[in-house]
Every structure is written in structure tokens, then in C-alpha cells.
Amino acid sequence: MSSATFTQTRSQALNLEKQADTLLSRYSAFQNLSNTSSSDEENELSDSIFENLQKRENVINTLNRISETDTNLSTSKLQQLQRHKEILSEHKRSYAKIKGVIKEERNRNNLLFSVRSDIDAHRERSTNNSNNRDLNANDYILDESVRADNANSFAERLLQQAYNTRDELYSQRAHLSNAQSRMMGAVSSIPGINVLISRINTRRKRDTLILATVIAICILVLFFF
Numbered sequence: 006m007s008s009a010t011f012t013q014t015r016s017q018a019l020n021l022e023k024q025a026d027t028l029l030s031r032y033s034a035f036q037n038l039s040n041t042s043s044s045d046e047e048n049e050l051s052d053s054i055f056e057n058l059q060k061r062e063n064v065i066n067t068l069n070r071i072s073e074t075d076t077n078l079s080t081s082k083l084q085q086l087q088r089h090k091e092i093l094s095e096h097k098r099s100y101a102k103i104k105g106v107i108k109e110e111r112n113r114n115n116l117l118f119s120v121r122s123d124i125d126a127h128r129e130r131s132t133n134n135s136n137n138r139d140l141n142a143n144d145y146i147l148d149e150s151v152r153a154d155n156a157n158s159f160a161e162r163l164l165q166q167a168y169n170t171r172d173e174l175y176s177q178r179a180h181l182s183n184a185q186s187r188m189m190g191a192v193s194s195i196p197g198i199n200v201l202i203s204r205i206n207t208r209r210k211r212d213t214l215i216l217a218t219v220i221a222i223c224i225l226v227l228f229f230f
């Protein structure tokens, strides 16, 4: 009776071990995925593996009780029980290892995602700052262009005023030259005017000479007497 019970219970252990192999194989595929969070399928597989391990512990405990109560249990069955315990331990380690790798990979992906997000944010800020600097540079260039145009306009006005002044001086000079020419022409056209002017000049010179002589005689008289 105990041998039959042991065989039936061990059959459950074998089925659960096969099921565990399939579940662990599927679960290990998530080690190579670059996910930042667990999917529903991953969570379901993890829960199924955990339940499988729990059931196998219960089955092995049942086999232990059978082996303890049945002193006539064969050595081969005891060896089979020991092998089931070893396989359970191996599956527990595999499950923990796969889960740890998935967690480590996910943490790394989250870190990379965070770093990439920071880099993208920094690039966006740099681009915005660069655009702002470009806008400021364009505004500065426009302002300088306006100031240069104003300066050029002022210089052009000064040059135009200088040209106008020069033209006015040339015009006045021409008027004076024309007036002098007309005056000389008028003097030349009046008969005897040159002779009259010459006589007036001669008379002025004579009067000046007489006045100078009188002044000199007066000074001499005062000096000697």
C-alpha cells in the first residue's frame, strides 16, 4: 500500500518537474528583453513557477512521510526521493537566478532610459538656448544694421550740406567776379573817368606831402626855440 502510494505521489512530482522545465524555459526568455517594466505574461509565468515549486515541496513532504512510515521502502525509491529534492533545489536556484537577471537588466534599462531622458532634455534645453542665442544675435545684427544706416544717412546729409555750401560759395564768387567785371567795364566806358581818378589821387598825395612838411617844420621850431 505504501509503495503504491509512493509511486502515485512520485508521478505527481514528475509531472510538476516537467511543467517546471517548460515554465523556466519560457521565463528565461525575458532575460533578453529590454523592458523597463514587467509584462502580464512575465508576471503570470513567475506566479506559475512559484506555485509549481510550492506544490512540489508539498509532494516531496508527502514522499518523506511515506518513506518514514514505510520501513520496507526500497533503496531505489529513497534514491528517487533524493533526486526529486535535488531537482527542486536546482529549479529554485534557476528561478531565483532568472528573476535576479531580469531585475538587474530591468534596473539597467531604467537607468539607461533615465540617462537618455536627461540627455534628451539637456539637448532640448541646449537647442532652445541656441535658438535664443541665434535670435538675440539676429536682433543684435538688425540693431547694428539700423544704427549703421542711421550713421550713413547722417553722413550723407553732412556731405550734402557741404556740397550745397561749396556751390553757394562758388555762386557768390561768380557774382563778385561779375560785379567787379561790370564795375571795371562801367569805369572803362565813361570818358575821362580814369583821368579824373588819377588827378584825385595826385591831389591827395600833394595834400599829404604838404601836411607832412608843415608838421616837420613845427617840430623843428619847437625843438630849436
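Under my numbering, the first residue of the sequence shown carries the number 6, and numbering increases by one thereafter. Built from N, CA and C at the ideal position, the CB exists for glycine as well. Fair warning: this is a prediction, and the values are worked out from it, not measured in the lab.
Report task. Please work out which residues of its chain come closer than 8 Å, Cβ to Cβ, to S42, disregarding the five sequence neighbours upstream and downstream, and give them in chain order. Result -> The count along the sequence shown starts at 1 and reaches residue 42 at position 37. Excluding positions up to five away in sequence, the list reads R111.
**Report entry** Collapsed DSSP secondary structure at T76 in the structure displayed
**Finding:** Numbered from its first residue, the sequence shown carries residue 76 at position 71. Shown here, T76 sits in coil according to DSSP, grouped into three states, outside any helix or strand.
Requested in this report: Compute the beta-carbon to beta-carbon distance between A3 and I65, rounded to the nearest angstrom, for a pair I have assumed lies under 8 Å.
Outcome: Past the edges of the chain, shown from 6 to 230, lies residue 3, and the structure says nothing about it.
Query raised in the report: Count the other CB atoms within 10 Å of the CB of A101; is the residue buried (16 or more) or exposed (fewer)?
Result: Translated into the one-based positions of the sequence shown, residue 101 becomes position 96. When all chains shown are included, A101 counts as exposed.
Report task. Report yes if the CB atom of L28 is closer than 8 Å to the CB atom of N48, and no otherwise. Result -> By one-based count along the sequence shown, residue 28 stands at place 23. By one-based count along the sequence shown, residue 48 stands at place 43. Cβ distance not < 8 Å, so L28 and N48 don't count as in contact.
**Report entry** Q85 versus R152, H96, N69, residue with shortest Cα-Cα distance
**Finding:** As a working mapping, residue 85 is identified with position 80 in the sequence shown. It is N69.
Query - Environment of Y145 [buried if 16+ CB atoms lie within 10 Å] - result: As a working note, residue 145 is residue 140 in the sequence shown. It counts as exposed.
Query - CA-to-CA distance, T80 to T74, given in whole angstroms - result: Working through the sequence shown from its first residue, we reach residue 74 at position 69. Working through the sequence shown from its first residue, we reach residue 80 at position 75. Rounded to whole angstroms, the separation of the alpha carbons of T80 and T74 is 14 Å.
Requested in this report: Look at A25 and H96 and say whether their C-beta atoms are less than 8 Å apart.
Outcome: Residue 25 sits at position 20 when you count from the first residue of the sequence shown. Residue 96 sits at position 91 when you count from the first residue of the sequence shown. The Cβ atoms of A25 and H96 sit closer than 8 Å to each other.
Query raised in the report: Quick one: is T14 buried, meaning 16 or more other Cβ sit within 10 Å of its Cβ, or exposed?
Result: Here residue 14 corresponds to residue number 9 of the sequence shown, with the count starting at 1. With 16 or more other Cβ atoms within 10 Å, it is buried.
Query raised in the report: Which word fits L21, buried or exposed, when buried means at least 16 other C-beta atoms lie within 10 angstroms of its C-beta?
Result: Counted from its first residue, the sequence shown places residue 21 at position 16. With 16 or more Cβ atoms within 10 Å of its Cβ, L21 is classed as buried.
Query - Exposed unless 16 or more other CB atoms sit within 10 angstroms - verdict on F228 - result: Along the sequence shown, read from residue 1 onward, the residue named residue 228 stands at position 223. With fewer than 16 other Cβ atoms within 10 Å, it is exposed.
Query raised in the report: Does the distance from the CB of R61 to the CB of L83 come in under 8 Å?
Result: The sequence position of residue 61 within the sequence shown is 56, counting from 1. The sequence position of residue 83 within the sequence shown is 78, counting from 1. Contact flag unset, no.
Requested in this report: Report buried or exposed for R121, applying the criterion of at least 16 other Cβ atoms within 10 angstroms of its Cβ.
Outcome: In the sequence shown, the residue the question calls residue 121 occupies position 116. So R121 counts as exposed.
Query raised in the report: Looking at S44 and N114, is the spacing between their C-beta atoms short of 8 Å?
Result: Within the sequence shown, residue 114 is the residue found at index 109, counting from 1. Within the sequence shown, residue 44 is the residue found at index 39, counting from 1. No, they are not a contact pair.
Query raised in the report: How long is the line joining the alpha carbons of H89 and G105, rounded to whole angstroms?
Result: Looking up residue 89 in the sequence shown gives position 84. Looking up residue 105 in the sequence shown gives position 100. Roughly 24 Å between the two C-alpha positions.
Query raised in the report: What number of angstroms, rounded off, separates the C-alpha of I224 from the C-alpha of K210?
Result: Within the sequence shown, residue 224 is the residue found at index 219, counting from 1. Within the sequence shown, residue 210 is the residue found at index 205, counting from 1. In a straight line, the C-alpha of I224 is about 21 Å away from that of K210.
**Report entry** Coarse secondary structure for S99, derived from DSSP in three states
**Finding:** Position 94 of the sequence shown, counting from 1, holds the residue named residue 99. Helix at S99.
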